[in-house]
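Taking our numbering, the leading residue of the sequence shown gets 716, the next gets one more, and so forth. Note that the Cβ used here is the ideal one computed from N, Cα and C, for glycine as well.
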Amino acid sequence: MKNFKFAGVIALLAVAAVPAFAHHAVQAVFDYNKHVEVTGAVTKVEFINPHSYISLDVTDAKGAVAHWTFELPGPGSLKKSGMSRADRGGLKPGDMITIIGYGAKDNTNFGFLNTLKFPDGRSFVIDTHDPYGN
716 MKNFKFAGVI
726 ALLAVAAVPA
736 FAHHAVQAVF
746 DYNKHVEVTG
756 AVTKVEFINP
766 HSYISLDVTD
776 AKGAVAHWTF
786 ELPGPGSLKK
796 SGMSRADRGG
806 LKPGDMITII
816 GYGAKDNTNF
826 GFLNTLKFPD
836 GRSFVIDTHD
846 PYGN
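Written out as structure tokens, the structure reads:
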């Protein structure tokens, strides 16, 4: 009977751990030492769970356009940062925004958003944690 209970506990722990392994850590994809800041026109906004995304076209000094996509936490975390439903719903294609974040480890135009700045001066700090526990 003792072995049966022990096996049951192990099985329960194994099943409970599956969702944790399915979700990636931010620092697995993004380099917290690679700071990026881009200003561009919004092309797509997706406020979905478990992560949200903002895509924008960024034009450099020579006129070349680079497409960037930034990952954000889900809508619940965005609300906790102070963004209202209207702020989230107010972002639309063509809007100019500035994003400060962390670049992808693979050097693509992909990042994790830290700060979102609107043209009217509003600024939302979305990610304030230290991934390394410092």
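Whole-number beta carbon distance between residue j and residue i, since they are thought to touch under 8 angstroms
i	j	result
Asn824	Trp783	4 angstroms
Ile841	Leu787	6 angstroms
Phe839	Ser796	5 angstroms
Phe762	Lys820	That belief does not hold up - the Cβ atoms of Phe762 and Lys820 are roughly 25 angstroms apart, past 8 angstroms.
Ile812	Leu828	Not a contact, Cβ separation roughly 10 angstroms.
Contact under 7 angstroms by Cβ, residue i with residue j
i	j	result
Lys759	Tyr817	no
Val753	Val780	no
Gly809	Ala743	no
Val751	Gly826	yes
Boundaries of the beta strand (DSSP E) in which residue i is found, first to last residue
i	result
Ser796	Segment: none, Ser796 is in no beta strand (DSSP E) and carries neither H nor E.
Gly789	Unbroken run through Gly789: none, as it is neither H nor E.
Thr774	766-774
Leu831	825-832
Ala819	811-819
Asn748	745-761
Outcome for residue i when other beta-carbon atoms lying within 10 angstroms are tallied against a minimum of 16
i	result
Ile815	buried
Met798	buried
Arg837	exposed
Ile769	buried
Gly848	The pLDDT assigned to Gly848 is 43, lower than 50, so where the model puts this residue is not dependable; a value taken from the coordinates is nonetheless given after this. With fewer than 16 other Cβ atoms within 10 Å, it is exposed.
Asn764	exposed
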